[in-house]
Amino acid sequence: AYVVAEPCIKCKYTDCVEVCPVNCFYEGANFLVIHPDECIDCGACEPVCPTKAIYPETELPDKWKEYKTLNAKLSLEWPNLAEKLAELPEADEFKDKKDKRGMLEM
Ligand code: SF4
Ligand code: F3S
C-alpha cells in the first residue's frame, strides 16, 4: 500500500483524494491517511501531492517508518474523504517545514 508521511501535516492539499480510484483516504484535522487494505497500489496519488508526502510503503524513508503504522491505525478511526477540499489556510507556510510530527492532531 501507499503511505502518507509527515509532509502532509498542516497542509492537507487533498489533490491525492481527487485522483484515487478507490476512495481510500481518511481525514483528520490536519493530516490525511491511506487505508492499507483498500489501496490498490495504482500510484496515481504520489505525483500529485504538492508536499511529496506519499510513498509506496517499500520506499518510505527510514525517518518516517512510523507513518505506515499511523496510516493503518488512523484510517480505522477517521472518516472517509472522497472529494477534494481546499487546502488548510497555513498549507503554503508549512509545505517545506521539517519535523512536523509533534503537530499531528490525532
Ligand atoms: Fe489511491 Fe492509488 Fe494512491 Fe492507493 S496508490 S491511495 S489506490 S491513488
Ligand atoms: Fe496531504 Fe499531499 Fe494529499 S499534502 S492531503 S498527501 S495531496
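Converting from the sequence shown to my numbering requires adding 41 to each position, the first position being numbered 1. Where is the CB? At the ideal position from N, CA and C, for every residue including glycine. Every value quoted in this text rests on a predicted model; they were computed, and no experiment measured them.
Chain-ordered list of residues that sit, by beta carbon, closer than 7 Å to a heavy atom of the ligand SF4: Listed by position in the chain, the residues whose beta carbon lies within less than 7 Å of some heavy atom of the ligand SF4 are A42, Y43, C57, V60, C61, P62, V63, C65, F66, I75, C80, I81, D82, C83, G84, A85, C86, E87, I95.
Assigned exposure category for N112 - 16 Cβ within 10 Å defines buried: When all chains shown are included, N112 counts as buried.
How would you call V63, buried or exposed, if buried means at least 16 neighbouring beta carbons within 10 angstroms? With fewer than 16 Cβ atoms within 10 Å of its Cβ, V63 is classed as exposed.
State yes or no: is the C-beta of T55 nearer than 7 Å to some heavy atom of the ligand F3S? Look at T55: its beta carbon is less than 7 Å from one of the heavy atoms in the ligand F3S.
Contact test: L73 Cβ vs the ligand F3S heavy atom, cutoff 7 Å: Checking the Cβ of L73 against the ligand F3S gives yes.
C80 versus L145: straight-line alpha-carbon distance, rounded: C80 and L145 have their C-alpha atoms roughly 22 Å apart.
Does the segment 53 to 67 come within contact of the segment 124 to 134, defined as at least 3 CB pairs closer than 8 Å? When Cβ pairs closer than 8 Å are counted between the two stretches, the segment 53 to 67 is seen to touch the segment 124 to 134, the count reaching three or more.
When you measure from the CB of P77 to every non-hydrogen atom of the ligand F3S, does any distance come out below 7 Å? No, the beta carbon of P77 sits no closer than 7 Å to any heavy atom of the ligand F3S.
Would you kindly work out how many angstroms separate the C-alpha atoms of W119 and P102, rounded to a whole number? Rounded to whole angstroms, W119 to P102 spans 24 Å at the Cα level.
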